[in-house]
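Peer 1: According to our numbering, the stretch in the sequence shown is residues 502 to 694, in order.
Just so you know, even glycine gets a beta-carbon here, dropped at the ideal spot from N, CA and C.
Every value quoted in this text rests on a predicted model; they were computed, and no experiment measured them.
Handing you a structure now.
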Amino acid sequence: GPIDPSGANKATQFMQLLDQANIPVLFFQNTTGYMVGTKSEQAGMIKHGSKMIQAVQNLEVPRITLMTGASFGAGNYGMCGRAFEPDFLYTWPNASTGVMGGEQAAKTMSIVARGKAEASGSDVDEELLAQQEKMLAMKFDSQSDAFYTSGHLMDDGMIDPRQTRNTVGMLLETVLEARRRVIRPNSYGVSRL
502 GPIDPSGANK ATQFMQLLDQ ANIPVLFFQN TTGYMVGTKS EQAGMIKHGS KMIQAVQNLE
562 VPRITLMTGA SFGAGNYGMC GRAFEPDFLY TWPNASTGVM GGEQAAKTMS IVARGKAEAS
622 GSDVDEELLA QQEKMLAMKF DSQSDAFYTS GHLMDDGMID PRQTRNTVGM LLETVLEARR
682 RVIRPNSYGV SRL
């Protein structure tokens, strides 16, 4: 579900504690984004949501993200989506990710179209608007599908949910080994033959 102000605040503190203790952070994404509305804004959603996103960006421990369900909007950032360069990001076959869900996008488009028609004093073609809503919802839903996003390299691969424990174990071993290795840069150029 959506991330509310108290959830964002709790997640921020939890991530900071894990970072201080040098414990890797595993993100399971199943969020429709941050809570919207007057009530959540008055409760400090913008402040707490931005603190959560900042905490994700400031983490120095390994970060692994698993998209297990929905991943929409700014919630994708708050849960260490691709833009925040987690060490690994894997997807379950049922997951979906995007700016917003198809139905929400279609309804938003309808609200804008109705407002535009009202402002210009023209009538709304309800039949055409319903067709556009349906097509837009289908397009958004198809492009947020896990097979589409994985096929467009928006993750590091798709895993069978039954293999999650084994995969996470392997990923944790990999990121911890990578952190232990000392990288020794060359102090000289490389000559070509």
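Given this structure, state the Cα-to-Cα distance separating threonine 675 from valine 526, to the nearest angstrom.
Peer 2: For this step, residue 675 is matched to residue 174 along the sequence shown. For this step, residue 526 is matched to residue 25 along the sequence shown. If I take the Cα positions, the gap works out to 14 Å.
Peer 1: Please name the residue or residues paired with serine 597 in a DSSP beta bridge.
Peer 2: If you number the sequence shown from 1, residue 597 lands on position 96. Per DSSP, Ala571 and Asp646.
Peer 1: Spatial neighbours of serine 541 within its chain, please: CB distance less than 7 Å, with the 5 preceding and 5 following residues excluded, ordered by chain position.
Peer 2: Position 40 of the sequence shown, counting from 1, holds the residue named residue 541. Only Asp505 and Pro506 meet the Cβ criterion.
Peer 1: Short of 6 Å in beta carbon distance, which residues of its chain neighbour glycine 658, apart from the five on each side in sequence? Order them along the chain.
Peer 2: Taking the first residue of the sequence shown as 1, we reach residue 658 at position 157. Excluding positions up to five away in sequence, the list reads Tyr591.
Peer 1: Bridge partners of leucine 527, per DSSP?
Peer 2: By 1-based counting over the sequence shown, the position of residue 527 is 26. The partner list for leucine 527 (beta bridge, DSSP) reads Ile565.
Peer 1: Under 7 Å between the Cβ atoms of alanine 631 and valine 625?
Peer 2: Residue numbering aside, residue 631 sits at position 130 when the sequence shown is read from its first letter. Residue numbering aside, residue 625 sits at position 124 when the sequence shown is read from its first letter. Contact flag unset, no.
Peer 1: Mind checking whether valine 557 and phenylalanine 585 have CB atoms under 7 Å apart?
Peer 2: Position 56 of the sequence shown, counting from 1, holds the residue named residue 557. Position 84 of the sequence shown, counting from 1, holds the residue named residue 585. Against a cut-off of 7 Å, the Cβ pair of phenylalanine 585 and valine 557 comes out as a contact.
Peer 1: How close, in whole Å, do the beta carbons of threonine 566 and cysteine 581 come, if the pair is a contact with beta carbons under 8 Å?
Peer 2: For the purposes of this step, residue 566 is identified with residue 65 of the sequence shown, where counting begins at 1. For the purposes of this step, residue 581 is identified with residue 80 of the sequence shown, where counting begins at 1. The pair is a contact, with the Cβ atoms about 5 Å apart (cut-off 8 Å).
Peer 1: Once you ignore the five residues that flank methionine 536 on each side, which residues in its own chain have a CB closer than 8 Å to its CB?
Peer 2: The sequence position of residue 536 within the sequence shown is 35, counting from 1. Correct list, in chain order: Pro503, Ile504, Asp505, Pro506 and Met546.
Peer 1: If we call anything under 7 Å between Cβ atoms a contact, is alanine 606 one with leucine 637?
Peer 2: For the purposes of this step, residue 606 is taken as residue 105 along the sequence shown, with counting starting at 1. For the purposes of this step, residue 637 is taken as residue 136 along the sequence shown, with counting starting at 1. Going by C-beta atoms, alanine 606 is nearer than 7 Å to leucine 637.
Peer 1: Output needed for glycine 550: all residues of its chain with C-beta closer than 6 Å, excluding positions within five of it in sequence on either side, in chain order.
Peer 2: Position 49 of the sequence shown, counted from the start, is the residue given in the question as residue 550. Taken in chain order, the residues that qualify are Ala509 and Tyr535.
Peer 1: For methionine 659, which three-state DSSP category applies?
Peer 2: What you label residue 659 is simply residue 158 of the sequence shown in a count that begins at 1. Residue state, collapsed to three classes: strand.
Peer 1: Between the Cα of aspartate 661 and those of Pro594, Val683 and Ser688, spot the shortest distance and give me the residue it belongs to.
Peer 2: For the purposes of this step, residue 661 is taken as the residue at position 160 of the sequence shown. Minimum Cα distance to aspartate 661 is reached at Pro594.
Peer 1: Using a Cβ-Cβ cut-off of 8 Å (strictly less than) and excluding sequence neighbours within five positions of alanine 512, which residues of its own chain qualify?
Peer 2: Residue 512 sits at position 11 when you count from the first residue of the sequence shown. Ile504, Met553, Ala556 and Gly579, listed in sequence order.
Peer 1: Would glutamate 628 be called buried (16 or more neighbouring beta carbons within 10 Å of its own) or exposed?
Peer 2: In the sequence shown, residue 628 corresponds to position 127, counting from 1. Flag for glutamate 628 reads exposed.
Peer 1: Going by C-alpha to C-alpha distance, which of Arg583, Leu560 and Thr532 sits closest to serine 572?
Peer 2: For the purposes of this step, residue 572 is taken as residue 71 along the sequence shown, with counting starting at 1. Of the candidates Arg583, Leu560 and Thr532, the one whose C-alpha sits nearest the C-alpha of serine 572 is Thr532.
Peer 1: Once the 5 residues before and after isoleucine 524 are set aside, which same chain residues still bring their CB inside 8 Å of it?
Peer 2: Taking the sequence shown and counting its residues from 1, the one referred to as residue 524 is at position 23. So the list reads Val562, once near-sequence residues are dropped.
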